[in-house]
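Residue numbers (the working numbering): 16 to 113.
Pasting the structure below:
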């Protein structure tokens with residue numbers, strides 16, 4: 016009887032820990048809207064997230080951008096209106112304050 020209670024108790028704890036880990040994971044929220052942020056330093060908007068990515072435009076400090084998604088630990092996907100045209104690309108997270 017004690018082994019059965021111990022088994023079901025361990026199973027319940029394992030199930031609870033798995034479901035709470037799933038809730039804390041970073042997941043995409045396609046229904047969320049872009050959030051406006053202001054860059055604190057001069058930054059470059061890239062078309063990708065690699066060293067060979069093309070530079071789309073350079074943004075001055077104080078530029079308004081719309082952050083659409085947090086892509087990785089280093090990049091965010093943003094939408095920018097620069098020189099009269101709207102572009103979507105990637106910027107380093109360090110471009111924004113905390």
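For each residue, glycine too, the CB sits at the ideal point set by N, CA and C.
The structure displayed is predicted, hence computed values, not measured ones.
Using beta-carbon positions only, say whether residue i and residue j come within less than 8 Å of one another.
i, j, result
"residue 61", "residue 89", "no"
"residue 95", "residue 102", "yes"
"residue 97", "residue 65", "no"
"residue 49", "residue 83", "yes"
Could you name the residues that DSSP lists as bridge partners for residue i?
i, result
"residue 84", "92"
"residue 60", "72"
Measuring only from the beta carbon, is residue i closer than 7 Å to any heavy atom that is part of the ligand SAM?
i, result
"residue 88", "By its list of ligands, the structure shown contains no ligand whatsoever, and the ligand SAM lies outside what it can speak to."
For residue i, name the three-state secondary structure that DSSP assigns.
i, result
"residue 15", "The shown model of the chain, from 16 to 113, leaves out residue 15, and the question about it has no answer."
"residue 100", "strand"
Could you check which residue in the options has the C-alpha nearest to that of residue i?
i, options, result
"residue 56", "100, 82 and 75", "75"
"residue 53", "77, 71 and 93", "77"
"residue 68", "104, 111, 50 and 99", "104"
Just curious, the beta strand (DSSP E) that residue i is in, first and last residue?
i, result
"residue 163", "This structure leaves residue 163 out entirely; the chain is present only between 16 and 113."
"residue 51", "50-53"
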